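Residue numbers (the numbering used here), protein chains in the order written: chain C, 9 to 409; chain R, 601 to 844.
As C-alpha cells, this is what we get:
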C-alpha cells in the first residue's frame, strides 16, 4: 500500500496546483537550457554553413566573429597558391537593419563570391543567387517572401530564395548577397565621404613639393583609388586538400606580414568562448537560482503536508510503522511532486518553444540531466519534512480526540 | 502465560523543583482473554501506565513484560518495540485516529501490509474483521464520511487485524454517547473472549465497567484498588485479588 499516493489523493488540489507552479518554473529552466543550446546552434550555423577549413583574417585580430577584420579581396589568390590549399574565396559579414513593411528587421548579411565553394544552403524555396547584383537569399525567419523588395544601402534588392534556420551568432536571420554587393554596402564611401577623402589625399600629396609634379599626380591618383576602393573582405576562406593539414597551412600563411590564419575549429572556439561564454554563465546563474527556488517550494509544500499530518504520523508510529516507511512516504511525495512538475514543464516547453523569439533547442540529454537535478533537489527538500516527522512523539496520538 | 506483566513501575517527569511523580510502584498482570479496566480521574497516571505498556513512554524504573518478552527492566532491553507493537499489539484511541487519507478497508489493511501479509489475504482478513464488527458495508468510505461509533469500530478492527496478544484502549468511549459507548465496551469484551486477547481499557467512566474481569483504580500515580469480578482460573491463580 503506497501511503504517499494515498496522501496525495487526499490533497489532490494542493498537489496539482503546486505541480503546475513548479512545472511553470521548470518550464523557464528548460527554456533557458534550450536558449543556451540555441545560442550555440545559431552561433555555429554560419561557420558550419561555410565549407572552408581555414580562415585567413587581418593580423592580430581573432576573425570577423570576434572583432573587425579587413583583408584585401585579392588575397584569395596568394592563399589559393599555398601548398595544400584546394581553393580560396573572400567572404564578408555585416549586420544591417532594413525596413520590412514598416517594421525594422535586423539581417546578418553574408557576402560571397558567386561560383565559389560558398553558397547559401539549403535554399528551401526559390533559387540561389544567379545575378551578380541586387539579388538576395534570406532566411525564412526574417519574414520576407520570394519577390519582396529589400532596400540595402542605396539600392533595392529582390528576394529570390529562402533558407531555413540560417542565423547569425546573435540569432538574427542571415541573408546572402553577392560579394560585390556586400562590398558596396560595407566598404563603399558615400559621396560626402569620397569628397572628403579626395580633399585629404590631394592636400597631403600637394604638400610634397620636392616630388616631381608628374610623379606626384600619378601617386595622388593611386592614393585616391586606394582610398575609395571597396575591394575588401572580412576573411578569406580556404578549402584544403587534407583538412588535417590546417595547422601547417595556417603556419605558412602566418609568416606573411599582415595576416592571421585559423582553422575552422579554432574559429568556432573563438566564437563560442568569446560570444557565448557570458551568456552561458548568465543562463547558468538563472537556472541555478530557479532550481533552488523550485527546491524551496518543494521543501515548503512537503513540510506543510507533513505538519498537516503529525497526528497521523504519531498514529502510524504507535501502530508500529517503521521510521523508514514514514520517511519513504514523505520522500515519495516530494519525488512525485518533482516528477509531476517536471512533466508539466516538459509538456509546456515542448508545445511553446517555437513561440520564443530566439531559437530554443530542447535536447534529450539536457532534459535527463534536469530531471536528475530536480529529483535530487526533491530528495534534499524532503529532508526537512522527514526530520520533522521523525521527531513526532507517538504519544501525540493518544492526546485526546 | 501472562500477556502483560508490570512490576513496580515508576515514572517521574522532570527533576528538582519541576519533578512530577506520575506513576509509583504500579503492579499489573493481565492474562490473555481478560478484559481489564484502568479507572481513575485525570492525572491519576492511567495513561502514563498505558503508554508505558505501549512502549512509547520510558518509565523511570520497574519492569514490563509483554507476551513473555521483557521489554523494560529499569531501562529498555533492546527489543524492537515498534516491531512488537506492529505484530503483537493493537491500540484503540480515544479520538479513533483513523488515517484520513485511507478508506475504511485500507485503514484495517495497513497494519497487515506493515506485517508483510500479501495483498489478497490482507484484504480478505480486513473484510472479515469489518464484517465481524458489522461495518463491512462501509469498507470504501473515508473515515470522515462515517459516524463516530462506526469510526471506533473501524479502529477496533484495525487493532485486531494483526491478531494481537494485547489490545490497549485509551478512553475508547469518551467521544461516544452512552449507547454507542456501551456497544463498544460490549465489543471489547466479546473480542477479549473470542480472540483470546488481553484487553486493557483506560476509562474514567464507571458506568462502563459491567463485564470487566478486573478493574484497577488509580489515583495520584498509584494503583489504589484492584477488583476482580470474574471468579475463574485467573483470579484463583491470583489469591491477592478481591472478589466482589
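All C-beta atoms in this analysis are idealised placements derived from N, C-alpha and C, irrespective of residue type, glycine included.
Computed from a predicted structure; not experimentally measured.
- Spell out whether any CB of chain C is found under 9 Å from the CB atom of residue 677 of chain R. no
- Item | Cut-off 6 Å between Cβ atoms - residues of its own chain near residue 785 of chain R, not counting five sequence neighbours on either side | 808, listed in sequence order.
- Item | Contact belief for residue 764 of chain R with residue 797 of chain R at Cβ below 8 Å, rounded distance in angstroms | 6 Å
- Query: With burial defined as no fewer than 16 other Cβ atoms inside 10 Å of the residue's Cβ, what is the status of residue 267 of chain C: buried or exposed?
  - Reply: buried
- Item | Assigned secondary structure, residue 418 of chain C (DSSP; H/G/I helix, E/B strand, else coil) | Since the first residue of chain C shown is 9 and the last is 409, residue 418 of chain C is not available in this structure.
- So who's on the other strand from residue 113 of chain C, going by DSSP bridges? C/106
- Query: Quick one: Cα of residue 200 of chain C to Cα of residue 286 of chain C, how far?
  - Reply: Those two C-alpha atoms are separated by around 40 Å.
- Length of the line joining the Cα atoms of residue 65 of chain C and residue 74 of chain C: 11 Å
- Is DSSP giving residue 409 of chain C helix, strand or coil here? For residue 409 of chain C, the predicted structure reports a pLDDT of 41, less than 50, and the residue's modelled location is therefore unreliable. The matter cannot be settled from this model.
- Taking Cβ positions, are residue 309 of chain C and residue 345 of chain C nearer each other than 9 Å? yes
- Given that residue 9 of chain C touches chain R, what residues does it touch there, using C-beta distances under 7 Å? 706, 709, 710, 713
- Query: So, residue 621 of chain R versus residue 663 of chain R, is the Cβ gap smaller than 9 Å?
  - Reply: Their beta carbons are not under 9 Å apart, which means residue 621 of chain R does not touch residue 663 of chain R by this criterion.
- Item | Neighbourhood of residue 608 of chain R by C-beta, 8 Å cutoff - its chain only, sequence neighbours within 5 removed | 625, 626, 627, 661, 662, 663
- Task: Would you mind sorting residue 315 of chain C into buried or exposed? The rule is 16 or more other CB atoms within 10 Å of its CB.
- Result: exposed
- Near residue 729 of chain R, what residues of its chain come up, given a Cβ to Cβ distance below 7 Å and the 5 sequence neighbours on each side ignored? Scanning its chain for C-beta atoms nearer than 7 Å, with the 5 sequence neighbours on each side dropped, one finds around residue 729 of chain R the residues 708, 757, 760, 761, in chain order.
- Message: Which residues in chain C have a C-beta closer than 8 Å to the C-beta of residue 770 of chain R? List them in chain order.
- Response: 406
- Item | Partner residues on chain C for residue 691 of chain R, Cβ-Cβ distance less than 7 Å | 326, 327
- Message: Output needed for residue 311 of chain C: all residues of its chain with C-beta closer than 6 Å, excluding positions within five of it in sequence on either side, in chain order.
- Response: 392, 393
- Task: Can you tell me the Cβ-Cβ gap for residue 352 of chain C and residue 27 of chain C, rounded? I've got them flagged as a contact below 8 Å.
- Result: 6 Å
- Cut-off 6 Å between Cβ atoms - residues of its own chain near residue 83 of chain C, not counting five sequence neighbours on either side: 244
- Message: Let me confirm a value: residue 812 of chain R is counted as buried when at least 16 other C-beta atoms fall within 10 Å, else exposed. Which label applies?
- Response: With 16 or more Cβ atoms within 10 Å of its Cβ, residue 812 of chain R is classed as buried.
- Item | Beta-bridge partners of residue 750 of chain R, as assigned by DSSP | BP columns for residue 750 of chain R are empty, so no partner.
- Bridge-paired residues (DSSP) for residue 163 of chain C: According to DSSP, residue 163 of chain C bridges with C/160.
- Message: DSSP three-state label for residue 24 of chain C, please.
- Response: Residue 24 of chain C: helix per DSSP, three-state reduction.
- Item | Residues of the segment 275–297 of chain C whose Cβ lies closer than 8 Å to any Cβ of chain R, in chain order | none
- Inter-residue spacing [alpha-carbon to alpha-carbon] between residue 613 of chain R and residue 348 of chain C: 47 Å
- Message: With a threshold of 9 Å between beta-carbons, can residue 672 of chain R be considered close to chain C, or not?
- Response: no
- Message: Looking at the secondary structure, which residues open and close the beta strand (DSSP E) in which residue 672 of chain R lies?
- Response: 669–673 is the span of the beta strand (DSSP E), which, as asked, contains residue 672 of chain R.
- Continuous alpha helix (DSSP H) stretch holding residue 390 of chain C: start and end: From DSSP, the alpha helix (DSSP H) with residue 390 of chain C extends over 372–399.
- Item | Three-pair Cβ contact test at 8 Å for the segment 167–178 of chain C versus the segment 192–212 of chain C | no
- Item | Neighbourhood of residue 341 of chain C by C-beta distance below 7 Å, restricted to the same chain and skipping five residues each side | 12, 15, 16, 310, 313
- Query: What span of residues does the alpha helix (DSSP H) with residue 687 of chain R cover, start to end?
  - Reply: 681–688
- Message: When you compare the CB of residue 685 of chain R with every CB in chain C, is at least one pair closer than 9 Å?
- Response: yes
- Could you tell me which chain R residues have their CB closer than 9 Å to the CB of residue 17 of chain C, listed as they occur along the chain? 701
- Ignore the nearest five residues each way along the sequence and tell me which others in residue 125 of chain C's own chain have a CB closer than 7 Å to its CB. 59, 95, 97, 247
- Item | Boundaries (first-last residue) of the beta strand (DSSP E) holding residue 148 of chain C | Premise fails: residue 148 of chain C is in no beta strand (DSSP E) and is neither H nor E.
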